[in-house]
Amino acid sequence: MRLRHCRPDLNFRCCTRPSCGPTRGSVCPPGPLCTEVPRAARPAMSPTKRVALVTGANKGIGFAITRELCRQFSGDVVLTARDEPRGRAAVQQLQAEGLSPRFHPLDIDDPQSVRALRDFLLKEYGGLNVLVNNAGIAFKRRVVNISSFQGSKALEDCSEDLQEKFRCDTLTEQDLVDLMKKFVEDTKNEMHEREGWPNSAYGVSKLGVTVLSRILARRLDEKRKADRILLNACCPGWVKTDMAGDQGSRTVEEGAETPVYLALLPPDATEPQGQLVRDKVVQTW
Numbered sequence: 001m002r003l004r005h006c007r008p009d010l011n012f013r014c015c016t017r018p019s020c021g022p023t024r025g026s027v028c029p030p031g032p033l034c035t036e037v038p039r040a041a042r043p044a045m046s047p048t049k050r051v052a053l054v055t056g057a058n059k060g061i062g063f064a065i066t067r068e069l070c071r072q073f074s075g076d077v078v079l080t081a082r083d084e085p086r087g088r089a090a091v092q093q094l095q096a097e098g099l100s101p102r103f104h105p106l107d108i109d110d111p112q113s114v115r116a117l118r119d120f121l122l123k124e125y126g127g128l129n130v131l132v133n134n135a136g137i138a139f140k141r142r143v144v145n146i147s148s149f150q151g152s153k154a155l156e157d158c159s160e161d162l163q164e165k166f167r168c169d170t171l172t173e174q175d176l177v178d179l180m181k182k183f184v185e186d187t188k189n190e191m192h193e194r195e196g197w198p199n200s201a202y203g204v205s206k207l208g209v210t211v212l213s214r215i216l217a218r219r220l221d222e223k224r225k226a227d228r229i230l231l232n233a234c235c236p237g238w239v240k241t242d243m244a245g246d247q248g249s250r251t252v253e254e255g256a257e258t259p260v261y262l263a264l265l266p267p268d269a270t271e272p273q274g275q276l277v278r279d280k281v282v283q284t285w
């Protein structure tokens, strides 16, 4: 599951289409299936109930992140999953460990399911304190986008011209979308190497996640700095998941350490902001 775009003028926004943005699994620009709640229509955040939400959390890194948040986060932790039986089974497993997560189903291909989650969060909590995008924004909240160090490697393998564009401090969301679309078209036409692109589609997709995180964090600093909203991307490392198999060098618990660290940054923290973090250390971009 991928919760996508968090606009500063909205409570939080969920996009359900892979095509609505530069990369699947990232935050993304507005699209036709995005849902939003205008600022004037928002319920006030609960002064006592805090909530953290993890997407794609019934297994792998998402499950491990949920477990650690249940142990360390002062508030409710909501586990979401597309497959409701598997999601509830994951909750039962954590309950057997003495933890108390909440479950809410979420199918990103069903706009009604996305809106139902939004309405649940607004009704129960008035918003969202921590969002971990494994597949929201208000006062002193944390947004963590799961990216990869492969994005940095892809950047290094790009031409100097592309590197300059991706590193530009004035790059906009639309600029990024245009770059990602160009990569797709250049690849389709078998001319991506000639145009300065690397050979890794996965790496370029994670490059998009990281760069978009930087863009959104910059916009938060420009428009809502007083709210102390910290938005970062992180690399969990090469984790033993369904994708990596046994070749991964880290357990899911080890992979969850940096995402949880970013999710639980102190309320008065001002950094990191808009960074790629690996092993709890900001990476040079």
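In my numbering, the protein residues as written are 1 to 285. We treat Cβ as the ideally placed atom computed from N, Cα and C, and that holds for glycine. All figures in this text were calculated on a predicted structure; none of them were measured in a lab.
A Cβ-Cβ separation of about 12 Å leaves N129 out of contact with V144 under the 8 Å criterion.
Of all C-beta pairs linking the segment 247 to 257 to the segment 57 to 69, three or more are shorter than 8 Å, placing the two stretches in contact. DSSP, reduced to helix, strand and coil, places I215 within a helical segment of the structure shown.
Per DSSP, reduced to three states, the secondary structure at T251 is coil, with no helix or strand assignment. Taking 9 Å as the cut-off, the beta carbon of S152 is found no closer than this to the beta carbon of L231.
Excluding its 5 nearest sequence neighbours in each direction, L176 has C-beta neighbours in its own chain below 7 Å: P22, G208, V211, L212 and I215, listed in chain order.
The segment 68 to 87 makes no contact with the segment 158 to 175: fewer than 3 CB pairs, one atom from each, lie closer than 8 Å. For A52, no alpha helix (DSSP H) encloses it; the enclosing beta strand (DSSP E) starts and ends at V51 to V54.
In summary, G237 is buried, with 16 or more beta-carbon neighbours lying within 10 Å of its beta-carbon over all protein chains present. Per DSSP, reduced to three states, the secondary structure at L128 is coil, with no helix or strand assignment. Shortest Cα-Cα distance from L53 to any of L121, A201 and L179 involves L121. For I146, the three-state secondary structure derived from DSSP is strand. At a Cβ-Cβ threshold of 9 Å, C70 and I146 do not count as neighbours. In the DSSP assignment, V239 falls outside any alpha helix (DSSP H), carrying neither H nor E. Secondary structure of D227 (DSSP, three-state): helix. L220 sits in a helix when the DSSP states are folded into three classes. If you look at A81, you'll find it isn't in any alpha helix (DSSP H); it sits in the beta strand (DSSP E) that goes D76 to A81. Taking a C-beta distance under 9 Å as the contact criterion, L79 and H104 qualify as a contact pair.
Here Y261 has K280 as same chain residues with Cβ atoms under 7 Å from its own Cβ, once five neighbours each way along the sequence are excluded.
Under a 10 Å Cβ-count criterion, Q273 is classified as buried, with 16 or more other Cβ atoms of the shown protein chains found around its own Cβ.
Counting other Cβ atoms within 10 Å of its Cβ, C168 stays below 16 and is therefore classed as exposed. Straight-line measurement puts the Cα of M180 at about 14 Å from the Cα of N189.
Boundaries of the beta strand (DSSP E) around L276: L276 to R278. Close CB contacts of Q72 within its chain, under the 8 Å cut and outside five residues either way in sequence, are with V260 and L264 (chain order).
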